[in-house]
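> Under our numbering, the very last position in the sequence shown is 580; numbers go up by exactly one each time.
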Amino acid sequence: MGYGYKPELSEGSIKCPVFQTSTFVFKTAEEGKAFWEKANGKPGTEDVEMGLIYSRINNPDIEILEERLKLWDGGEAAAVFSSGMSAIATSMVSFLKPGDVILMSNPLYGGTHKFIHFMLHNWGVTSIGFNPEDSKEDICKLIEANNAGNTLKMIFVETPANPTNDLIDIEMCSQIAAQYSTADKKVFLAVDNTYMGPLWQHPLKHGADIALYSATKYIGGHSDLIAGAAVGSNAVIKAIKKSRTVFGTIIDPHTSWLLMRSLETLKIRMEAAANNAEKIAEYLLSHPKIEKVYYLGFTKTNKPNQLEVLNKQYLSNGAMISFDLKGGEKEAFVFLNNLKHIKLAVSLGGTESLAEHPFTMTHSDIPVEEKNKLSLTDKMVRLSVGIENWRDLIYDIESALSFV
Numbered sequence: 177m178g179y180g181y182k183p184e185l186s187e188g189s190i191k192c193p194v195f196q197t198s199t200f201v202f203k204t205a206e207e208g209k210a211f212w213e214k215a216n217g218k219p220g221t222e223d224v225e226m227g228l229i230y231s232r233i234n235n236p237d238i239e240i241l242e243e244r245l246k247l248w249d250g251g252e253a254a255a256v257f258s259s260g261m262s263a264i265a266t267s268m269v270s271f272l273k274p275g276d277v278i279l280m281s282n283p284l285y286g287g288t289h290k291f292i293h294f295m296l297h298n299w300g301v302t303s304i305g306f307n308p309e310d311s312k313e314d315i316c317k318l319i320e321a322n323n324a325g326n327t328l329k330m331i332f333v334e335t336p337a338n339p340t341n342d343l344i345d346i347e348m349c350s351q352i353a354a355q356y357s358t359a360d361k362k363v364f365l366a367v368d369n370t371y372m373g374p375l376w377q378h379p380l381k382h383g384a385d386i387a388l389y390s391a392t393k394y395i396g397g398h399s400d401l402i403a404g405a406a407v408g409s410n411a412v413i414k415a416i417k418k419s420r421t422v423f424g425t426i427i428d429p430h431t432s433w434l435l436m437r438s439l440e441t442l443k444i445r446m447e448a449a450a451n452n453a454e455k456i457a458e459y460l461l462s463h464p465k466i467e468k469v470y471y472l473g474f475t476k477t478n479k480p481n482q483l484e485v486l487n488k489q490y491l492s493n494g495a496m497i498s499f500d501l502k503g504g505e506k507e508a509f510v511f512l513n514n515l516k517h518i519k520l521a522v523s524l525g526g527t528e529s530l531a532e533h534p535f536t537m538t539h540s541d542i543p544v545e546e547k548n549k550l551s552l553t554d555k556m557v558r559l560s561v562g563i564e565n566w567r568d569l570i571y572d573i574e575s576a577l578s579f580v
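Set out below in structure tokens:
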């Protein structure tokens with residue numbers, strides 16, 4: 177909770193103050209020169225201690241937050257961003273160039289899907305998608321069928337998948353990345369770990385190069401900020417931070433301070449939400465108006481082929497539930513419109529419970545045929561379970577379902 181902060185440098189303040197400043201004063205011109213040489217990666221400055229320059233490059237709140245975040249995933253370094261999408265986009269373009277191929281799992285969060293299929297495609301990067309049920313052999317055949325063996329540069333995985341809770345084997349993807357890497361070309365594996373937060377899954381320990389987060393979600397946890405994060409090795413994060421400085425996608429000091437506050441309660445918040453989710457999922461499973469429940473705790477029944485991945489990779493069943501109502505969009509909207517306590521809003525991972533309609537909201541830009549193929553249909557509702565009294569949540573769900 178106090179890692180990386182020295183009270184004696186801030187008048188003895190027990191908590192790190194907000195360093196609300198755009199720039200920092202150098203003691204001498206020589207010091208300023210040395211800091212900039214270090215920031216620009218000049219050879220010979222590897223052992224020079226980095227000093228404070230400008231808040232688009234570094235800031236005490238940002239640096240302390242990054243020091244703490246890296247501990248959760250066991251990484252060597254971390255970088256924080258102005259949003260989850262800026263973390264994803266900045267990390268991708270740090271290693272991809274025109275002519276490269278990115279291999280991605282399906283389904284993906286709508287914003288990520290759009291960035292890959294619109295921004296990266298327009299930039300000359302080709303994408304290949306694979307599905308959760310595909311084996312290592314299936315994926316390798318897909319790569320070869322697209323003649324992508326020599327141009328594959330990144331594998332991007334979202335697991336559990338948003339909103340279907342499908343699981344992807346990170347270790348398998350790491351093996352594929354290694355198979356297509358050469359002495360001159362490393363294939364990077366990036367994992368969006370937003371659904372599990374840095375508590376319930378640790379992608380780096382299973383072979384990922386980058387663990388990515390929308391820190392807006394569980395890390396922030398109070399629905400009052402927008403932020404993103406990337407964790408990895410020193411070399412990987414150094415490259416990402418270089419891009420972050422150029423693009424200006426860095427986080428601001430006050431949001432960093434808020435995230436430091438939130439990290440102190442991360443574990444107890446997430447555990448409380450997971451306990452609630454287990455009770456709600458069991459209730460939904462037995463309700464006659466619910467056709468199917470997508471919850472990690474039901475993997476053995478719903479997706480037995482993914483059970484091994486669940487046992488190997490996850491430390492909890494999480495607090496995200498999706499479910500199909502009998503019917504379609506009409507029934508889903510009636511349910512959502514009659515919730516009283518649970519809020520009808522996008523996002524997830526906050527202290528309050530939120531419900532939304534992925535088909536027309538968070539994943540609306542994904543082609544309909546693609547969504548239907550991946551079980552992301554208009555009868556699905558996504559529920560982010562909060563830390564309220566679980567009896568109140570079930571009562572609210574029961575009442576809303578009575579109108580369907």
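The beta-carbon is built from N, C-alpha and C at its ideal position, and this holds for glycine as well.
Using beta-carbon positions only, say whether residue 284 and residue 331 come within less than 7 Å of one another.
No, the Cβ-Cβ distance between residue 284 and residue 331 is not below 7 Å.
> Is residue 535 helix, strand or coil by DSSP?
Note: residue 535 maps to coil in three-state DSSP.
> Whose C-beta lies closer than 8 Å to the C-beta of residue 197 among residues of the same chain, with five residues either side of it excluded?
Result list for residue 197: 231, 235 and 429, in chain order.
> Apart from the five residues on each side of it in sequence, which residues of its chain come closer than 6 Å, Cβ to Cβ, to residue 208?
Once the five neighbours on either side are set aside, the close Cβ partners of residue 208 are 202.
> Got a sec, what are the start and stop residues for the beta strand (DSSP E) residue 368 sits in?
That run of the beta strand (DSSP E) goes 364 to 368.
> At the level of alpha carbons, what is the spacing between residue 300 and residue 322?
About 15 Å.
> Under the three-state reduction of DSSP, which class applies to residue 266: helix, strand or coil?
Residue state, collapsed to three classes: helix.
> Can you check whether the CB of residue 256 is closer than 7 Å to the CB of residue 427?
Yes, Cβ-Cβ distance for residue 427 and residue 256 is below 7 Å.
> Rounded to whole angstroms, what is the Cα-Cα separation between residue 446 and residue 524?
Cα to Cα, residue 446 sits roughly 12 Å from residue 524.
> On the DSSP bridge assignment, give the partners of residue 177 in chain order.
Its beta-bridge partners do not exist; DSSP assigns none.
> Please state whether DSSP places residue 223 in a helix, a strand or coil.
Of the three classes helix, strand and coil, the one that applies to residue 223 here is coil, per DSSP.
> From what residue to what residue does the beta strand (DSSP E) around residue 332 run?
From DSSP, the beta strand (DSSP E) with residue 332 extends over 328 to 334.
> Between the Cα of residue 286 and the Cα atoms of 537, 549, 422 and 250, which residue gives the shortest distance?
The shortest Cα separation from residue 286 among 537, 549, 422 and 250 belongs to 537.
> Tell me residue 278's beta-bridge partners as DSSP assigns them.
Beta-bridge pairing links residue 278 to 303 and 330.
> Enumerate in chain order the residues of its own chain whose CB-to-CB distance from residue 189 is below 8 Å, with the five nearest sequence positions on each side excluded.
Within the same chain, residue 189 has close Cβ partners 183.
> Decide if residue 308 is buried, meaning its Cβ has at least 16 other Cβ atoms within 10 Å, or exposed.
Buried, since its Cβ has 16 or more Cβ neighbours within 10 Å.
> Using a Cβ distance threshold of 8 Å, determine whether the region 525 to 545 contacts the region 406 to 419, with at least three qualifying pairs required.
Output reads no: the region 406 to 419 does not touch the region 525 to 545.
> Could you give the first and the last residue of the continuous alpha helix (DSSP H) run that contains residue 408?
From DSSP, residue 408 is part of no alpha helix (DSSP H) but of the beta strand (DSSP E) over 404 to 408.
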